[in-house]
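Notes to accompany the following structure.
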Amino acid sequence: AQSVTQLDSHVSVSEGTPVLLRCNYSSSYSPSLFWYVQHPNKGLQLLLKYTSAATLVKGINGFEAEFKKSETSFHLTKPSAHMSDAAEYFCVVSGFRGNNNDMRFGAGTRLTVKP
Amino acid sequence: SAVISQKPSRDICQRGTSLTIQCQVDSQVTMMFWYRQQPGQSLTLIATANQGSEATYESGFVIDKFPISRPNLTFSTLTVSNMSPEDSSIYLCSGRLGETQYFGPGTRLLVL
């Protein structure tokens, strides 16, 4: 089976504390991995992407993610949450079936940031 | 990068009617896609819009219900035909440039 699993549907943190959004995937191929963010009533914005280069990927707004092939994980982190980080986050994997056009979205994780 | 715009941004439609959504990209993207995002859910791929030929539909989606056109590398339309309340959703256009996929802001559709 080929799938993308976001392990938490909702994560709540306090402003200034670290953020961890978890994503696991299963694929028989070497996938490309992405994190997108969707603010309320806005479009999807690319945060970062992994495409077989460095395993630690830095994105916008202080986010980063580490590709761990042995754990088939691509968790998103940020050292210090800001109120503006409150949004829905999607882990996305492409390259299933060896086809880079085949992108699969995780179910999403809603991040809440408390003052 | 690519900037994608969609029209209309939202609409309220009556059951049984059809709505055509337009998608314009500011770059000549290699691939264009249409997704649906139902309330509170993730994105589901409807189809890949192929330039000058019939779109490639995912399981559960058919051309009669969601006809798609892509006359050139920067423009595509999706029609939601014979709408029912179950079609109420956000419809997103997407374009691929290199290894990255960019998304439009979505069209929020409510069917009464």
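Which chain is which? The protein sequence lines are A and B, in order. First residue of the first sequence: 11, per the working numbering; consecutive thereafter. First residue of the second sequence: 1408, per the working numbering; consecutive thereafter. Ideal Cβ positions, reconstructed from N, Cα and C, are used throughout, including at glycine.
For a test of the three-state rule: what should DSSP assign to Asn1489 (chain B), helix, strand or coil? coil
Opposite Val1469 (chain B) in the DSSP bridges: which residues? Its beta-bridge partners do not exist; DSSP assigns none.
DSSP puts Ser1484 (chain B) in a beta bridge; with which residues? The question names Ser, yet the displayed sequence has Thr at residue 1484 (chain B). In DSSP, Thr1484 (chain B) forms a bridge with B:Gln1429 and B:Ser1476.
Determine, using beta-carbon pairs with one atom in the stretch 1494–1504 of chain B and one in the stretch 1442–1454 of chain B, whether at least three such pairs fall under 8 Å. yes
CB Pro1474 (chain B) to CB Ser1460 (chain B), shorter than 8 Å? no
Near-chain A residues of the stretch 1466–1497 of chain B - C-beta to any C-beta below 8 Å: none
Have a look at Thr1424 (chain B) and Arg1417 (chain B) and give me their C-alpha separation to the nearest angstrom. 15 Å
Taking the beta carbon of Pro50 (chain A) as the centre, do at least 16 other beta carbons fall within 10 Å, making it buried, or is it exposed? exposed
Tell me the residue span of the beta strand (DSSP E) that contains Met113 (chain A). Met113 to Phe115
Leu1519 (chain B) and Ile1419 (chain B) look like a contact to me (Cβ under 8 Å); what is the Cβ gap, rounded to whole Å? 6 Å
Comparing alpha-carbon positions, which option in A:Gly72, A:Phe100 and A:Phe77 lies nearest Ala91 (chain A)? A:Gly72
Determine the chain B residues that contact Thr61 (chain A) at a beta-carbon separation under 7 Å, and present them in chain order. Glu1506
Of all the options B:Gln1431, B:Ser1491 and B:Val1436, which has the alpha carbon lying nearest to the alpha carbon of Phe1482 (chain B)? B:Gln1431
Would you tell me roughly how many angstroms separate the C-alpha atoms of Glu74 (chain A) and Asp1471 (chain B), rounded to the nearest one? 42 Å
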